[in-house]
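*Asks:* Residue numbers (the numbering used here), protein chains in the order written: chain A, 3 to 371; chain B, 3 to 371.
Positions of the beta carbon are idealized from the N, C-alpha and C atoms, including for glycine.
Everything numeric in this text was worked out from a predicted model, so none of it was measured.
1) By a C-beta neighbour count over all protein chains shown, 10 Å radius and 16 as the cutoff for buried, is residue 7(B) buried or exposed?
2) Hey, is residue 211(B)'s beta-carbon within less than 8 Å of any beta-carbon in chain A?
3) Any beta carbon of chain B sitting closer than 8 Å to that of residue 5(A)?
4) Checking 8 Å against the spacing of the C-beta atoms, do residue 365(B) and residue 301(B) come in under that value?
5) Count the other CB atoms within 10 Å of the CB of residue 227(A); is the residue buried (16 or more) or exposed (fewer)?
6) Closer than 6 Å by C-beta to residue 43(B): which residues in its own chain qualify, once you throw out the five before and the five after it? Chain order, please.
7) Based on the DSSP output, what are the partners of residue 199(B) in its beta bridges?
8) Cβ atoms of residue 130(A) and residue 233(B): under 8 Å apart, would you say?
9) Can you tell me which residues form a DSSP beta bridge with residue 172(A)?
10) Using 8 Å as the threshold, is the C-beta distance between residue 109(A) and residue 140(A) below it?
11) Residue 263(A) and residue 332(A): beta carbons closer than 8 Å?
12) Can you list, in chain order, the residues of the segment 53-69 of chain B whose Cβ is nearer than 8 Å to any Cβ on chain A?
13) Going by Cα to Cα distance, which pick from 275(A), 306(A) and 138(A) is closest to residue 82(A)?
14) Using a beta-carbon distance below 8 Å, is residue 229(A) in contact with chain B?
15) Within 8 Å, do at least three Cβ pairs link the segment 300-314 of chain A to the segment 176-191 of chain A?
16) Identify each residue in the segment 338-364 of chain B for which the Cβ-Cβ distance to at least one residue of chain A is less than 8 Å, and report them in chain order.
17) So with CB distances below 8 Å, who are the chain A contacts of residue 236(B)?
18) For the segment 308-333 of chain B, list every residue whose C-beta sits within 9 Å of some C-beta in chain A, in sequence order.
19) Give the DSSP-derived three-state secondary structure of residue 98(B) in the structure shown.
20) Could you work out which residues of chain A lie near residue 208(B), taking near to mean beta carbons separated by less than 9 Å?
21) Count the other C-beta atoms from every protein chain shown that fall within 10 angstroms of the C-beta of residue 204(A), then say buried if there are 16 or more, exposed otherwise.
22) Can you find the residues in the same chain that come closer than 7 Å, C-beta to C-beta, to residue 289(B), ignoring five residues on each side of it along the sequence?
23) Which residue comes first and which comes last in the beta strand (DSSP E) that contains residue 26(B)?
24) Could you run through the segment 179-191 of chain A and flag, in chain order, every residue whose CB is less than 7 Å away from some CB of chain B?
25) With a threshold of 8 Å between beta carbons, is residue 214(B) in contact with chain A?
26) Given a cut-off of 8 Å, decide if residue 360(A) and residue 353(A) are closer than it, judged by their beta-carbon atoms.
27) Which residues in chain B sit within 7 Å of residue 110(A), going by Cβ to Cβ distance?
28) Please confirm if residue 204(B) has its CB atom under 8 Å from at least one CB of chain A.
29) Any idea which residues DSSP pairs residue 332(A) with across the strands?
30) Between the Cα of residue 116(A) and the Cα atoms of 105(A), 101(A), 134(A) and 124(A), which residue gives the shortest distance?
31) With a Cβ-Cβ cutoff of 8 Å, do residue 322(A) and residue 63(B) count as a contact?
32) Roughly how far, in whole angstroms, is the beta-carbon of residue 266(B) from the beta-carbon of residue 150(B), given that I think they are within contact range, below 8 Å?
33) Residue 8(A) CB to nearest chain B CB: under 8 Å?
34) Is DSSP giving residue 188(A) helix, strand or coil here?
35) Please confirm if residue 257(A) has its CB atom under 8 Å from at least one CB of chain B.
36) Let me check understanding here. Comparing Cα to Cα, which of 276(A), 351(A) and 250(A) lies closest to residue 172(A)?
Structure follows, in structure tokens:
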């Protein structure tokens, strides 16, 4: 590990008018100067969401009725993610910022969990309080643009913020999984266009992560090897779905892609999460992730609506077979058409993909970055 | 079982120009009179779709590139589901029909499977041929309207068609699961507005069905009772999520509903599928399903976009704990807003529902039918 990776990022901590936390991450040589949040915000709703266990699938569902009134496509001059130097107009009371992270005002999950959730759901038809954490990550103070438009050092600062939040939230009681992601585009239902991502601290292991860990455990039992390492080795050997491979990371379209656009980025050595990466690897990851998003934005005349996600695992007995990877997916199946998740996908979980993974990989390889 | 239920429905069988099957189901006293399909259709594409096993989730994915060119929102005078008395304009060459079922021309699954699919996916990165069946079920010859607008005897005929297709397709080699469903509305991505549903004969047990059977087996092992029977008993006792209960069926919003609109209809006695229902029960099911759809269409000023689905199981060792039920879901979360499946749902499978199931049930109980 290099000296640089040992450096602990220390964001500037601030508090919003209703008590929510706000963190500023600065580019080298810069220093944010927040002002007091003077908005007359109502006290935070202490009514938490509910967790309800679905016994037919064995999965938790979050019921968050309070979110129905969340901010919905405000005009650009009322964007709550643009800097608010007066302390009266924005979630980010400051003349400017580089990267800012704050607790979501319309959170599906908030508060801390005192007792662990019962594995099989506990008593039937009894909801549990929906504790956890929902954060908003503002990529830049500029209202337009996207992650792919950020200069690389700025993109690297976002990765650093993800890393900081992963460390911080993972240590909190009641948070089982930290999920850093970005929803981008009207077609994904995004209600604020200012470039931003989100972080969820779930009070349970999500169904997808639980499934991958079950599969990885079965793979270890059957073959004595790590599932993700084997996938990476085979995809690299096959080559036809690989988009780009660097010394430290590999970007590819998975063999059984569910979505018309789907790209995975695996580290070439086994790591569980962002915290396991050294400084050079974090630089490399940022560069490849950035390149992949730039290629994706060149697929069609309009920028691609997408969901970008980091899969992170902990170095515990239960999660040791998990391997860090990034995943970017889109519902756009052509320049003019979207894939809808209809009954086959939404009810039965049976995905039908109209796009061949090899064809997508070939197209993406051919695009400029 | 009554004499009436013993009656085997015998549809009129027809063949389209490219060899696809077409079946007509008639109302009592009516008899369809199909004509020759004289369209110069190209031979059916013998290139099947592919099944690819996703080792990270243990689930099959269908790759069906040929569907990219399927019929997309044709003008009303070129609707392929309206009757085509000339034999030149429609998938249904007949002056009129009551209910018609035909093989989808743009099928994600077609042909028959010679060998069973390997349970753990077989050799890595090797696709399997995507055999199975995709059918279109035209509810009525009228271009406008919906299932909820059908007179009850006509709705009952659609249920009879589902039942016939379930029996027929279940018996075919290589089909593991028969799924009758309806996608309705632009918001679900429906490309033809003529009232119709679909039937998929999957070559594998779908992920959702496999999950419910795992849960039901674990429930039996832990409690010695059937999971679905216990759910029905508890929901009936709680009452607050029940919409309507008849002598034979119960409609309710599930405790852990994933969708802003979600209604389940359970039979009051345990049955596996439509074939287990007697004639009176089929009448009752039709009436309650029809009533539920009519209530749903009164939720908002515009008819509800929805996905309606029948969960059916077989009376085999592996599926014996499964119980027939219908499920209707919608992504509409208010008169003007839709729920989008963004990263939490699409990547992690962690559902967040903004609507309280009890509030939805109360609203639906209060609506006229």
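*Replies:* Looking at the coordinates:
1) Annotation note: pLDDT 44 at residue 7(B) (below 50); position unreliable, coordinate value reported separately. Looking at its Cβ environment, which holds fewer than 16 other Cβ atoms inside 10 Å, residue 7(B) is exposed.
2) Under the Cβ criterion of 8 Å, residue 211(B) is counted among the residues facing chain A.
3) Note that residue 5(A) scores 38 on pLDDT, short of 50, meaning its location in the model is unreliable; the coordinates nonetheless yield the value given after this. For residue 5(A), the nearest beta carbon of chain B is not closer than 8 Å to its own beta carbon.
4) Contact flag set, yes.
5) Exposed is the call here.
6) Within the same chain, residue 43(B) has close Cβ partners 19 and 20.
7) Per DSSP, the beta bridge partners of residue 199(B) are 139(B).
8) The answer is no: Cβ separation not under 8 Å.
9) Bridge partners of residue 172(A): none, in fact.
10) Here residue 109(A) is not near residue 140(A), since their CB atoms are 8 Å or more apart.
11) The answer is yes: Cβ separation under 8 Å.
12) For the segment 53-69 of chain B, the set of positions with a beta-carbon nearer than 8 Å to some beta-carbon of chain A reads 54, 55, 56, 57, 58, 59, 60, 61, 62, 63, 64, 65, 66, 67 and 69 in chain order.
13) For residue 82(A), the closest alpha carbon among the candidates 275(A), 306(A) and 138(A) is that of 138(A).
14) Closer than 8 Å to the CB of residue 229(A) there is at least one CB belonging to chain B.
15) Flag = yes, the segment 176-191 of chain A and the segment 300-314 of chain A touch.
16) When CB distances to chain A are screened at a threshold of 8 Å, the residues of the segment 338-364 of chain B falling below it are 339, 340, 341, 342, 343, 344, 345, 346, 348, 349, 350, 351, 352, 353, 354, 355, 356, 357, 358, 359 and 361, in chain order.
17) Those are 126 and 127, listed as they occur along chain A.
18) Answer set for the segment 308-333 of chain B: 309, 310, 311, 313, 329, 331 and 333.
19) Three-state result, residue 98(B): coil.
20) Correct list: 346, 349, 350, 351 and 352.
21) It counts as buried.
22) So the qualifying residues of the chain are 154.
23) Unbroken beta strand (DSSP E) run through residue 26(B): 23-27.
24) Against chain B - using a Cβ distance shorter than 7 Å - the residues of the segment 179-191 of chain A are 181, 183, 185, 190 and 191.
25) For residue 214(B), the answer is yes, since a Cβ of chain A falls inside 8 Å of its Cβ.
26) Their beta carbons are not under 8 Å apart, which means residue 353(A) does not touch residue 360(A) by this criterion.
27) Listed along chain B are 354, each with a C-beta nearer than 7 Å to that of residue 110(A).
28) Residue 204(B) counts as touching chain A.
29) DSSP, once it has assigned bridges, lists 263(A) as partnering residue 332(A).
30) Considering only alpha carbons, the answer is 134(A).
31) At the C-beta level, residue 322(A) and residue 63(B) stay beyond 8 Å of one another.
32) Actually they do not touch by this definition, with Cβ atoms about 17 Å apart.
33) At residue 8(A) the pLDDT is 43, less than 50, meaning the model places this residue with poor confidence; the figure from the coordinates comes in the next sentence. So no, residue 8(A) is outside the interface.
34) For residue 188(A), the secondary structure class from DSSP, reduced to helix, strand or coil, is helix.
35) By this cut-off, residue 257(A) is an interface position.
36) Checking every option, the nearest Cα to that of residue 172(A) belongs to 276(A).
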